[in-house]
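Student: Start counting the sequence shown at 4; every next residue gets the next number (the numbering used here). Pasting a structure here, questions to come.
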Amino acid sequence: MTRFRPCIDLHQGQVKQIVGGTLRDEGPGPVENFTAEQGAGWFAGKFRDDDLRGGHVIQLGPGNDEAAREALAAWPGGLQIGGGIRAENAAEWLEAGASHVIVTSWLFEDNVRFSENRVKALVAEIGSERLVIDLSCRRRGDRWVVATQRWQTMTDLEVTPATLDALAEHCDEFLIHAADVEGLCGGIDAGLVELLGSWNGRPVTYAGGVATMDDLLQIDRLSGGNLDVTVGSALDLFGGSGVGYEDLVAWSRRAG
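As structure tokens, then:
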């Protein structure tokens, strides 16, 4: 059965929900759906108290180290950390309390060309059991292509069962955002969910587009219960109206 994985997205040191496709290095700032009054540690403590394990803290750009460390300190071993992770600092984040590090952009030379050597270097540093490979992607016709640099740069790697097979030996889990629907609360990318659900390997967490509890039911059905899911902008905890946090806590308890 699909499990709910909580998330803490950090932007400029604050917990926010952002429309994923609007993140840019230059030009106008991203479209923000929600900015929390509480700090990252408050959310981490809430997830700890409700025993929601395997969630992720994502640093969207610079200026988030302090908030990320606050979250990890609130629940040592309960959260994963992503954003700016590379071989040189991965162990440091594990020591700060992360259960796993989540890596995308650093695995690609020039943010475009996938590097098996970098994957191996990271595994040599921390072990595959502490690594989550992030293959967040954008749709290009009938394909899904991994995007780096806060989903701005398209890479040479497609999300396919063959790709997952090749990378599975190097990691413990995969995290995959459907970047085109991330933050829009307009429904999931059903094609991507079906593709990911058809693969039986490492645990995979899907993110993007969840608007209501019906979307969770659809993910569970389309994936055969093989995918976990995270919910952001639709969640009442983050100012949304489509999904109740307490409903997800109850869902997770049923999933075990």
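C-beta atoms are modelled at their ideal positions from N, C-alpha and C, and glycine is treated no differently. Just so we're clear, the structure is a prediction, and the values are computed from it rather than from any experiment.
1) Would Ile136 and Leu110 be called neighbours here (beta carbons separated by less than 9 Å)?
2) With the cut-off set at 9 Å, would you say Gly86 and Leu63 are in Cβ contact?
3) Check each candidate in Ser108, Arg51, Ser226 and name the one with the smallest Cα separation from Met157.
4) Please classify Lys19 as buried or exposed, where buried requires at least 16 other C-beta atoms within 10 Å of its C-beta.
5) Would you kindly work out how many angstroms separate the C-alpha atoms of Gly30 and Gln152, rounded to a whole number?
6) In chain order, what residues of the same chain have a beta carbon less than 7 Å from the beta carbon of Ala101, not counting five sequence neighbours either side?
7) Is the segment 181-194 in contact with the segment 159-167, if contact means three or more CB pairs nearer than 8 Å?
8) Check for me: the beta strand (DSSP E) holding Val135 runs from which residue to which?
9) How about Leu138 and Leu170: do their beta carbons lie closer than 9 Å?
10) Do Thr38 and Asp223 have their C-beta atoms closer together than 9 Å?
11) Beta-carbon separation of Val126 and His59 under 9 Å?
12) If we require 3 or more residues per run, which beta strand (DSSP E) segments fall completely within the segment 163-216?
13) Could you tell me whether the Cβ atoms of Cys10 and Ile88 are closer together than 9 Å?
14) For Asn203, which option in Asp250, Asp231, Leu13, Lys49 has the closest C-alpha, if you only look at C-alpha atoms?
15) Would you kindly work out how many angstroms separate the C-alpha atoms of Gly16 and Leu195, rounded to a whole number?
16) Counting only the same chain and skipping the five closest in sequence on each side, list residues whose C-beta sits under 6 Å from that of Arg146.
17) From Leu251 to Phe7, what distance separates their C-alpha atoms?
Tutor: Put simply:
1) yes
2) yes
3) Ser108
4) buried
5) For Gly30, the predicted model reports a pLDDT of 49, less than 50, meaning its position is unreliable; a value from the coordinates is still stated below. Rounded to whole angstroms, Gly30 to Gln152 spans 15 Å at the Cα level.
6) Leu75, Leu82, Gln83, Ile84
7) no
8) 134-137
9) yes
10) no
11) no
12) 176-180, 207-210
13) no
14) Asp231
15) 31 Å
16) Glu161
17) 7 Å
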